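Presented below is the structure to which this report refers.
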Amino acid sequence: MGGDCMESPVLQDELRREQEKIRDNATIYDILKLEHKDVKKLFKQIVDEERYQDKIYNQIRTALQIHMAGEEKLLYPRLENNAETRLLTLESYEEHEVSKKVMNDIDDTEDTEAKLAKVKVLSETIDMHVEEEEKELFKKAKRVLSEEDEQEIARQFMNEKTERLP
1 MGGDCMESPV LQDELRREQE KIRDNATIYD ILKLEHKDVK KLFKQIVDEE
51 RYQDKIYNQI RTALQIHMAG EEKLLYPRLE NNAETRLLTL ESYEEHEVSK
101 KVMNDIDDTE DTEAKLAKVK VLSETIDMHV EEEEKELFKK AKRVLSEEDE
151 QEIARQFMNE KTERLP
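Note that my numbering gives residue 162 to position 162 of the sequence shown, counting from 1, and the numbers run on in steps of one.
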């Protein structure tokens, strides 16, 4: 798993663009939206071809693991104790758990057709999560967090991501 990540031009490009955004005072929402777009492109490669591809799935899994860990460590704790964002944050945690379960199921499956079916389910699960997060949670979070907090979380998120990448 470790070597696949840096061999991925998508993840390398994502990291470079995120670092540029940080220099431009990006908020955590900017970074997360960029990552959402990038993982959607990876899913599209598998779903459009109707063929399971281990190398691409490994990139998806690595990207999602790092992304979810960052949200759960740095963003969600700041939102779960506020009445305005609590329910959506708790839902986001649960959606992450569902996604992790599907990823574990993919990892435990040998049959490539079954893997493809599970990747499609994971893609749909992530699409739903992203839509809710971007349209509802981020909008409410902007009312809860200051712009300085949003930028600081973005910097911390990037530091964590850099440490987690091989």
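Even for Gly, the Cβ is constructed at its ideal location relative to N, Cα and C.
All values reported here derive from a predicted model rather than from experimental measurement.
The same chain holds no residue with a CB closer than 7 Å to that of aspartate 108 once the five nearest residues on each side in sequence are set aside. Where glutamine 156 is concerned, the enclosing alpha helix (DSSP H) starts and stops at 147-164.
In this structure, the beta-carbon distance from valine 102 to valine 121 falls below 7 Å.
Within the same chain, Cβ atoms closer than 7 Å to the Cβ of glutamate 133 are found at Ser92, the five residues on either side in sequence being excluded. Relative to arginine 86, the option among Glu136, Ala26, Glu147 and Thr27 whose CA is nearest is Glu136. For glutamine 45, the uninterrupted alpha helix (DSSP H) run begins and ends at 28-49, by DSSP.
Between glutamine 45 and isoleucine 56, the C-beta gap is smaller than 7 Å, which places the two residues in contact.
By the Cβ-count criterion, aspartate 38 is buried, with 16 or more other Cβ atoms from all chains shown falling within 10 Å of its own Cβ.
Contact between glutamate 160 and glycine 70 holds: CB atoms are separated by about 5 Å, below the 8 Å threshold.
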